[in-house]
Amino acid sequence: MQRISFVKYANVSPEKEFSNSQNMAIEGISSEILNSDSKPKIILLQGPPGTGKTHTIIGLLQKLIRSNTKLKILVTAPSNAAIDVIGSRLIDLNDRLSWRSQEGQMKFVRVGLPDQINSKLKPFTLDGLASKLAKDNDIKITESRKKEIEKLQLELDALKKQKFDYKN
1 MQRISFVKYA NVSPEKEFSN SQNMAIEGIS SEILNSDSKP KIILLQGPPG TGKTHTIIGL
61 LQKLIRSNTK LKILVTAPSN AAIDVIGSRL IDLNDRLSWR SQEGQMKFVR VGLPDQINSK
121 LKPFTLDGLA SKLAKDNDIK ITESRKKEIE KLQLELDALK KQKFDYKN
């Protein structure tokens, strides 16, 4: 018989939105990932349906991003539906945090075949993000041109005034 051992992590105080075991997983995994040895880590979180794996993953991602905003994390799952649930919860979390600032929000990219991605997550695909970037750049260019036109209009008005003053 194989013996399973559990590691107890110091300074793990349960937060109200997570169970004790979820908090232990979040604290233990985050301390391991944030360890300064800079070696790549692979973490596997598994369990029966309905045990809070997705909730724990969101809590873990939130803690990791709060601790190190430059951290790059790859999250995978055995199905598109599972990744879509995680992506949807990240969107919801970002919406709840949006009143603070853009800094605390998690940036993510949903990768997969377009016809198998939930419509709520389409803006977070590479195509969706590229389209948004192009649109934002178009808006900046339009605003810049608008300011340039206003400046030229003021100069034209000044020249018309000079011409009128010269004739009189």
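Position one of the sequence shown corresponds to residue 1 (full-length UniProt numbering), numbered consecutively onward.
Backbone N, C-alpha and C fix where the C-beta goes; we use that ideal spot for every residue, glycine too.
Note that the structure is predicted; figures quoted are calculated from it, not measured.
For Thr69, report the span of its alpha helix (DSSP H) as first-last.
Per DSSP, Thr69 belongs to no alpha helix (DSSP H) and is neither H nor E.
Along the chain, where does the alpha helix (DSSP H) containing Asn20 start, and where does it finish?
20-33
Expressed to the nearest angstrom, what Euclidean distance is found between the alpha-carbon atoms of Leu64 and Ser79?
24 Å
Less than 6 Å between the CB of Ile86 and some heavy atom of the ligand FAD, yes or no?
No copy of the ligand FAD occurs in the structure displayed, which carries no ligand at all.
Buried or exposed: Glu27, going by 16 or more other Cβ atoms within 10 Å of its Cβ?
Buried, since its Cβ has 16 or more Cβ neighbours within 10 Å.
Does Thr56 come out as helix, strand or coil in the three-state DSSP assignment?
helix
Could you name the residues of the same chain whose beta carbon sits closer than 8 Å to that of Thr125, not counting the 5 residues immediately before and after it, in chain order?
Val109, Arg110, Val111, Gly112, Pro114, Ile117
Going by C-alpha distance, which of Thr54, Ile42, Asp37, Pro48 is nearest Phe18?
Comparing Cα-Cα distances from Phe18 to each of Thr54, Ile42, Asp37, Pro48, the minimum goes to Thr54.
Cβ-based burial, Ala158 [other Cβ within 10 Å; buried from 16]
Within a 10 Å sphere around the beta-carbon of Ala158 sit fewer than 16 other beta-carbons, which makes this residue exposed.
Return the chain-ordered list of same chain residues with a C-beta closer than 6 Å to the C-beta of Val12, the five sequence neighbours on each side being excluded.
Note that Val12 scores a pLDDT of 44, beneath 50, so its modelled location is shaky; the value from the coordinates is reported in the next line. Same-chain partners within the cutoff: Asn23, Met24, Glu27.
Relative to the C-alpha of Ala82, which residue among Arg96, Ile58, Glu32 is closest?
Ile58
Going by beta carbon distance, what residues of the same chain come within less than 8 Å of Glu32, once the five residues before and after it are set aside?
So the list reads Lys41, Ile43, once near-sequence residues are dropped.
Straight-line CA distance for Lys135 to Ala77?
32 Å
If you draw a straight line from the C-alpha of Thr51 to the C-alpha of Leu90, how long is it?
19 Å
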